[in-house]
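Engineer: Pasting a structure here, questions to come.
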Amino acid sequence: MARIIVVTSGKGGVGKTTTSSSIATGLALKGHRTVVIDFDVGLRNLDLLMGCERRVVYDFVNVINGEAELHQALIRDKRTENLSILPASQTRDKEALTHEGVEKVLNQLAKDFEYIICDSPAGIEHGALMALYFADEAIITTNPEVSSVRDSDRILGILQSKSRRAVENLEPVKEHLLVTRYNPDRVTRGEMLNIQDVEEILAIPLIGVIPESTSVLKASNQGVPVVCNTESDAGQAYNDVVARFLGEDIPHRFLEPAKKGFLQRMFGGIG
Amino acid sequence: MTLQLQTGTAAAAFKMTGGIYTLTTLELHSTNPADITNQLENMTRKAPNFFQQTPVIIAFDQLSPEQPPIDLYQLRHSLQQFGLILIAVRGGQESHKQDAMMAGIPWLPSPRQRDREEDEDSADNVETNVVIMQKSRTTTSPAAEAANQTQTPPVIQKTTLIEHPIRSGQQVYAEGDLVITSPVSSGAELLAGGNIHVYGPLRGRALAGINGNSDARIFCLQFEAELISINGQYKMPSASHNSDPLWGSSVIVSLEEQSLHIKKL
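Respectively, the protein sequence lines represent chains A and B.
As numbered in the working numbering, residues 19 to 289 make up the first sequence, in order.
As numbered in the working numbering, residues 195 to 459 make up the second sequence, in order.
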């Protein structure tokens with residue numbers, strides 16, 4: 019039975035699409051058949067981050083409207099086996115996502131894939147509701163600052179009241195907290211909330227902490243998910259998240275400010 | 195305390211309400227019409243206008259069963275001569291109840307019977323305020339009494355228990371008491387006719403006693419609320435929380451003399 023995972027946050031710009039692309043790629047790299055769907059109709063970005071923007075012919079809305087077959091719209095990832103992308107339409111708006119249409123596509127995908135990652139648009143309107151409605155699990159992407167935490171809290175409330183599992187009184191959606199753009203130095207200076215604060219307010223289990231990193235921006239400009247960059251701290255952190263998602267018990271990393279090197283300490287001490 | 199029943203459409207011709215009224219009750223010890231008239235005469239002689247248009251209830255509770263039956267029509271007529279208007283009869287034998295029905299006068303159970311009924315009711319966890327409501331119902335005017343009869347039985351105000359966190363943007367309403375065993379986030383709103391208990395941090399808004407209950411209280415283990423209110427009186431503690439020594443501690447909030455009191459638990 020395929021697991022449907024929504025990556026959501028409420029607030030925009032916190033790293034939902036980066037997370038969707040990296041987790042989908044990470045799961046596929048571990049040998050799981052995975053598809054990632056862009057629910058951000060009208061503002062599609064996922065194809066750029068996955069580096070497949072030139073290969074989009076048909077999209078999610080075409081499939082919902084019956085203008086194309088699912089296999090025509092699905093894009094097989096070039097780098098990673100087992101990974102497919104279902105891009106959003108850039109020329110429509112979110113209203114094109116109908117309940118029945120989304121359900122039909124998800125049911126079809128469930129036959130061929132183990133994991134279906136839904137990349138939610140920002141906000142709490144129709145597009146975000148459609149992305150989370152059918153979810154079995156949710157990855158709540160949050161930046162360590164108050165507005166992002168409050169919006170995540172809001173989206174958790176919506177998951178618990180408006181998702182299919184809530185409406186049909188089934189086992190609730192499994193929630194995971196992912197803190198992104200975490201900067202330990204700024205936390206030390208009191209400019210950012212620390213992990214304990216975020217965890218305490220949202221009161222859901224922490225699946226990972228992604229450090230703020232230049233490698234993330236570089237990766238999205240190159241169209242290669244940051245998880246593929248195993249040299250970078252963000253890439254390693256996403257790899258840890260995927261492993262934890264699959265049930266491994268790995269300690270959290272990148273929570274403390276980076277230790278200064280020998281020379282830095284020498285000169286820092288003198289200066 | 196008033197009890198309101200919405201009659202549906204906005205263009206309704208009337209609104210049904212209930213209320214508590216203080217009524218004069220004549221407790222009969224004798225059914226002899228001459229005795230009753232005599233006493234009424236003595237009573238009204240001193241202040242002839244005092245009893246004009248006064249609604250009264252005739253109580254049969256204290257009447258011994260040996261007394262001969264009484265003519266309710268006659269009694270009503272003689273009361274009227276002294277300005278008293280008979281609106282209901284209370285208690286007595288089954289025959290009294292039937293007489294009242296025949297004469298078109300409402301019949302009320304005696305307080306003792308009522309207590310017994312309530313004891314049975316309270317066996318299934320009926321809250322105190324519901325009991326008060328039932329008491330008030332039996333002392334209401336005939337019009338309200340008739341209105342109450344057309345209503346469904348009084349709503350039992352159960353305690354609402356919520357064990358999951360209340361998130362930003364969520365609103366919870368409970369007619370009676372509201373008990374929450376998880377955090378209440380900022381931007382969330384709790385509304386209760388009765389008390390509010392939060393066994394966790396209270397960071398959102400909590401409004402207790404919203405239907406006019408000044409005795410309602412708010413309890414929480416970690417007081418970081420945006421707004422607290424009891425029966426419309428409100429305070430926004432988070433605005434001045436840096437100087438608030440109770441911020442973050444366990445508190446009880448009550449309404450005393452029209453102002454909110456926050457006390458450490």
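We put the beta carbon where it would ideally sit given N, CA and C, even for glycine.
All figures in this text were calculated on a predicted structure; none of them were measured in a lab.
1) Please determine whether the Cβ atom of R239/B lies at a distance below 8 Å from any heavy atom of the ligand PLP.
2) On the criterion of 16 or more Cβ atoms from any shown chain inside 10 Å, does N187/A qualify as buried, or is it exposed?
3) With M68/A and G241/A assumed to form a contact (beta carbons below 8 Å), what rounded beta-carbon distance in angstroms separates them?
4) Quick one, which residues of the segment 207 to 220 of chain A are near chain B if we go by CB-CB under 9 Å, in chain order?
5) At which residues does the alpha helix (DSSP H) containing H290/B begin and terminate?
6) Name the residue from S165/A, S166/A and L147/A whose alpha carbon lies nearest to the alpha carbon of V185/A.
7) Using a Cβ cut-off of 8 Å, pull out every chain B residue sitting near R168/A, in sequence order please.
8) My assumption, with CB atoms under 8 Å, is that G398/B sits in contact with A410/B. Please give the rounded CB distance.
9) Please report whether the beta-carbon of G30/A lies at a distance below 9 Å from any beta-carbon of chain B.
10) Using a Cβ cut-off of 9 Å, pull out every chain A residue sitting near P431/B, in sequence order please.
11) Would you say R182/A reaches chain B, if we count a Cβ-Cβ gap shorter than 9 Å as a contact?
12) Any Cβ of chain B within less than 9 Å of the Cβ of R172/A?
13) Could you tell me whether the Cβ atoms of T219/B and I252/B are closer together than 9 Å?
14) Give me the Cβ distance between D137/A and K34/A, rounded to the nearest whole Å; I'm assuming they're in contact under 8 Å.
15) How should L47/A be labelled, buried or exposed, when 16 other C-beta atoms within 10 angstroms of its C-beta is the threshold for buried?
16) Return the chain-ordered ranges of every beta strand (DSSP E) run that is complete within the segment 371 to 434 of chain B and spans a minimum of 3 residues.
17) Sort L280/B, S432/B, Q233/B and L278/B by Cα distance to W441/B and report the nearest one.
18) Any C-beta of chain A sitting closer than 9 Å to the C-beta of S444/B?
19) Report all residues from its chain with a CB closer than 6 Å to the CB of Y291/A; omit the five preceding and five following residues, and keep chain order.
20) For D428/B, which option in G406/B, L454/B and C414/B has the closest C-alpha, if you only look at C-alpha atoms?
21) What in chain B is Cβ-close to G175/A, meaning under 7 Å?
22) Does the count of Cβ pairs from the segment 233 to 252 of chain A and the segment 54 to 70 of chain A closer than 8 Å reach three?
23) Would you say Q108/A and G60/A are within 9 Å of each other, going by their C-beta atoms?
24) Taking all protein chains shown into account, decide if V75/A is buried (16 or more other Cβ within 10 angstroms of its Cβ) or exposed.
25) Under DSSP, the beta strand (DSSP E) around A228/B begins and ends at which residues?
26) Should R397/B be flagged as near chain A, meaning a C-beta pair shorter than 9 Å?
27) Tell me which same chain residues have a C-beta within less than 6 Å of the C-beta of Q275/B, skipping the five on either side of it?
28) What are the partner residues of Q365/B, as DSSP defines its beta bridges?
29) Pull up the DSSP beta-bridge partners for P229/A, would you.
30) If the cut is a Cβ gap below 9 Å, which residues of chain B does Q178/A touch?
31) Less than 9 Å between CB atoms is the rule here; does I225/A satisfy it with respect to chain B?
32) With 16 other CB atoms within 10 Å as the buried threshold, where does Q90/A fall?
33) Helix or strand or just coil, what does DSSP make of W441/B?
34) Going by C-alpha distance, which of L273/B, A400/B and T211/B is nearest D232/B?
35) Once the 5 residues before and after V259/A are set aside, which same chain residues still bring their CB inside 7 Å of it?
Structural biologist: Considering the structure as presented:
1) What this structure holds is no ligand at all, so the ligand PLP is not there to describe.
2) So N187/A counts as exposed.
3) Rounded to whole angstroms, the Cβ separation of M68/A and G241/A is 7 Å, and the two are in contact under 8 Å.
4) Going along the segment 207 to 220 of chain A in chain order, one finds E218, I219 and L220 with a Cβ nearer than 9 Å to chain B.
5) Boundaries of the alpha helix (DSSP H) harbouring H290/B: E288 to A297, taken from the DSSP string.
6) Just measuring C-alpha positions, the residue of S165/A, S166/A and L147/A sitting nearest V185/A is L147/A.
7) Contact of R168/A with chain B by beta-carbon distance below 8 Å involves S362, S379, S380 and G381.
8) At roughly 17 Å, the Cβ-Cβ gap does not stay under 8 Å, so G398/B and A410/B are not in contact.
9) Cβ-Cβ to chain B under 9 Å: no for G30/A.
10) At a beta-carbon threshold of 9 Å, none of the residues of chain A lie near P431/B; the nearest stands roughly 18 Å away.
11) Chain B contact via Cβ: absent.
12) Using beta-carbon distances, R172/A counts as an interface residue toward chain B, with a partner under 9 Å.
13) Yes, the Cβ-Cβ distance between T219/B and I252/B is below 9 Å.
14) Taking a contact as a CB-CB distance under 8 Å, the pair D137/A and K34/A counts as one, their CB atoms being some 6 Å apart.
15) Result: buried.
16) 372 to 374, 383 to 386, 390 to 396, 399 to 402, 412 to 417, 421 to 424 and 427 to 429, all fully within the segment 371 to 434 of chain B.
17) Of L280/B, S432/B, Q233/B and L278/B, the residue nearest in Cα terms is S432/B.
18) Interface with chain A (9 Å Cβ-Cβ cutoff): S444/B is excluded.
19) There is simply no residue 291/A to check, as chain A begins at 19 and stops at 289 in what is shown.
20) One detail in the question is off: residue 428/B reads as Tyr in this sequence, not Asp. Here the closest residue by C-alpha is L454/B.
21) From the beta-carbon of G175/A, the residues of chain B found nearer than 7 Å are R361, S362, G363 and Q364.
22) Between the segment 233 to 252 of chain A and the segment 54 to 70 of chain A there are three or more C-beta pairs closer than 8 Å, enough to call the two in contact.
23) Yes, these two residues count as a Cβ contact at 9 Å.
24) Looking at its Cβ environment, which holds fewer than 16 other Cβ atoms inside 10 Å, V75/A is exposed.
25) Segment P227 to K240 is the alpha helix (DSSP H) holding A228/B; no beta strand (DSSP E) there.
26) For R397/B, the answer is yes, since a Cβ of chain A falls inside 9 Å of its Cβ.
27) If we look at Q275/B and ignore the five residues flanking it on each side, it has no Cβ neighbours.
28) Note: Q365/B sits in a beta bridge opposite E383/B.
29) The partner list for P229/A (beta bridge, DSSP) reads Y200/A.
30) For the C-beta of Q178/A, the chain B residues within less than 9 Å are, from N- to C-terminus, H358, P359, R361 and Q364.
31) So no, I225/A is outside the interface.
32) The residue in question, Q90/A, is exposed, as its Cβ has fewer than 16 Cβ neighbours within 10 Å.
33) Three-state DSSP puts W441/B in coil, outside helix and strand.
34) In the sequence under discussion, the amino acid at residue 232/B is Asn, which differs from the Asp named in the question. Among L273/B, A400/B and T211/B, the Cα nearest to that of N232/B is on L273/B.
35) Excluding residues within five positions, the ones whose Cβ falls inside 7 Å are I41, L196, I225 and G226.
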